[in-house]
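Data first, discussion second: the structure below is written as structure tokens.
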Amino acid sequence: MTYVFQFGIVFDHIDRMLLGAWLTIRLSAMALVLGLMVAVICAYLRTAGPRPVRWLIAAYVELFRNTPFLVQLYIVFFALPQAGIRFDANEAALAAMVVNFGAYATEIVRAGVQSVPVGQIETGLALGLKRLHIYRLIVLFPAIKAVFPALASQFILLLLGSSVVSAISANELTAISNTLQSTTFRAFEVYIVATLMYLGIAVAFRGLFAVAYWFVFVRGRE
Amino acid sequence: MRQFSTNEFLFILAAGQWTVVLSLIAFSMGGALGLLIALLRVSVFAPVRLAASGYIQVFQGTPLLMQLFLIYYGLGLFGLRLDTWTAVVIAYSAYTGAFLGEIWRGCIQAIPREQWDGATALALTYLQRLFLVIIPQAVRIAIPPTVGFMVALVKATAVASIIGFVELTRAGQLMTNATFQPMLVYPIVAMLYFTLCWPLSLLAQYLERRMRVDNAIGRKA
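Taken in sequence, the protein lines are chains R and H. Numbered according to this note's numbering, the first sequence spans residues 1 to 222. Numbered according to this note's numbering, the second sequence spans residues 1001 to 1221.
Rendered as structure tokens:
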């Protein structure tokens, strides 16, 4: 049995795939920004909040880190409407990605926050800075620097994991590939091209993070 | 319409077996592959190192779902008709091999250079150095991150439900379709994953903490 590859048919629809890839990038980038906000707030409350709040954050982190993203997505998209909270597919995908990435990033940022020497915080207190100022100026910056590589690889996992949101038909790269596959019957060609696009996006983001790290943390701060 | 009762719960629980079985098989087959990848990654031959690192890059740089699709649909084209089970096992083993390979490479390279030098001075061959000196020490530091990866693997098996493999998540979907109670079914599914994963997470944390203490004591001595 011989199989003749026909990539031409895939390239006829390449614009749709690129559009899907663009949504993948947008979803991941938005989830990164929103998830980081969640993480910074939660990491602060996890270390400095009142005890019940600390427990609540710990429960959030453990629950989301020990259940599959796909199940979290199904809960957001299929279960929450039963409670009267409705999202369309793309919103549900983003919401699930934010809470999922937020949980991992909270734990990562917390590790960074705890790596900041207590002496630096005491110095801030001695200089009469307010708690929030100390957190923002003295704790957060070196904390993020310390955990930057961990955050970057967690983001890559988020980006690649986002292909799972095709299961609720958010129309990102994987979902578009599925549609193309079922109309052209060229499954292998479609998925190879999509896989290479993901690889390209992942490699590009790794490079972007390396550059960002250098600009924010290295340049002029020796 | 069916009510969600003990029977439905037992159906989901029974499907949970397949989550466990798939995780265990992927872990053992992927573990064997991962060991090979890790060894190739620290090989003295540059092309071999490059090939192993390419393998890791590809599997860590592309979505697991795409790997599943490619193996499921792709290999069929070359005359290999795969049933879902075989395709899923191959895909998860390959995926696990890449991640464990990368983790274990780090552990092998964390063993100080002097250990290699000392073993060479004792006239051990390359394989003897590797298997008698380096790996026994690397195994100790490899255990906590390996347990940590097992958590990720158990969660990753949920993705197999998308190509129709019936495990916890797929069983949850089937029961949701039958009972129309996603608000009840999916949290139960999530809790079952949690009972599988949380003990492993705690074990990984415990092992990591214990190793840090060991190291601190070792340094003082």
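Cβ coordinates follow ideal geometry from the N, Cα and C atoms, glycine included.
Collapsing the DSSP output to three states places R:N171 in coil. Sorting R:L34, R:I25, R:I75 by C-alpha distance to the C-alpha of R:A103 places R:L34 at the top. Per DSSP, the continuous alpha helix (DSSP H) segment holding R:Q114 begins and ends at 89–114. Proximity of H:M1001 to chain R, defined by a Cβ-Cβ separation below 7 angstroms, is not satisfied. The three-state secondary structure of H:P1063, taken from DSSP, is coil.
Put simply, of H:D1117, H:I1111, H:G1101, H:V1133 the residue whose alpha carbon is nearest the alpha carbon of H:L1036 is H:G1101. With the rule of 3 Cβ pairs closer than 8 angstroms, the region 1051–1071 of chain H does not count as touching the region 1001–1008 of chain H. By the Cβ rule, the region 82–91 of chain R does not count as touching the region 55–65 of chain R, because fewer than three pairs are nearer than 8 angstroms. The Cβ atoms of H:A1156 and H:T1169 lie no closer than 7 angstroms to each other. Counting every other CB atom within 10 Å of its CB across the protein chains shown gives R:L132 a total below 16, marking it as exposed.
CA-to-CA, the gap between H:W1198 and H:V1151 works out to about 8 angstroms. Interface with chain R (7 angstroms Cβ-Cβ cutoff): H:T1179 is excluded.
Secondary structure of H:G1031 (DSSP, three-state): helix.
At a cut-off of 7 angstroms, the C-beta of H:M1150 has no neighbouring C-beta in chain R.
Within the region 1046–1074 of chain H, Q1057, V1058, Q1060, G1061, T1062, P1063, L1064, L1065, M1066, Q1067, F1069, L1070, Y1072, Y1073, G1074 place their CB atoms closer than 9 angstroms to a CB of chain R, listed in sequence order. Residue-level contact check: H:A1038 does not touch chain R, since none of the beta carbons of chain R fall below 7 angstroms from its beta carbon. Taking the Cα of H:F1131 as reference, the smallest distance to any Cα among H:M1211, H:I1056, H:I1111 is reached at H:I1111.
With contacts defined by Cβ atoms closer than 7 angstroms, H:P1063 and R:L70 do not form a contacting pair.
The residues L94, M97, V98, F101, L158, in chain order, have a CB closer than 7 angstroms to that of R:A31 in the same chain once the five nearest residues on each side in sequence are set aside. Nearest CB-CB separation between R:A204 and chain H: not below the 7 angstroms threshold.
Residues of the region 45–63 of chain R with a C-beta atom less than 8 angstroms from some C-beta of chain H are E62, L63, listed in chain order. Shown here for R:L151: same chain residues with a beta carbon closer than 6 angstroms to its own, the five before and five after excluded, namely I108 in chain order.
In the structure shown, H:T1169 adopts helical secondary structure according to DSSP, grouped into three states. Around H:Q1060, the same chain offers A1098, F1099, E1102 as residues with beta carbons nearer than 8 angstroms, after the five sequence neighbours per side are excluded. With respect to the 7 angstroms criterion, R:I176 and R:G8 are not classified as neighbours on the basis of their beta carbons. Contact between the region 1080–1091 of chain H and the region 172–192 of chain R is absent: fewer than 3 CB-CB pairs across the two stretches fall below 8 angstroms. The beta carbons of H:G1016 and H:L1192 sit closer together than 7 angstroms.
Contact check for H:L1050 against H:I1143 fails: the beta carbons are separated by 7 angstroms or more. At a cut-off of 7 angstroms, the C-beta of H:V1159 has a neighbouring C-beta in chain R. Boundaries of the alpha helix (DSSP H) harbouring R:Q120: 118–126, taken from the DSSP string.
In this structure, H:V1185 and H:T1176 form a Cβ contact; the two beta carbons are roughly 5 angstroms apart against a cut-off of 8 angstroms. Taking 7 angstroms as the CB threshold, H:T1084 stays off the interface with chain R.
When secondary structure is reduced to three states using DSSP, H:V1189 falls in the helix class. For H:Y1206, not one C-beta of chain R is nearer than 7 angstroms to its own C-beta. Its Cα nearest to that of R:T174, the residue R:M17 stands out among R:H13, R:M17, R:D12.
Around the CB of H:R1002, fewer than 16 other CB atoms lie within 10 Å, so the residue is classed as exposed.
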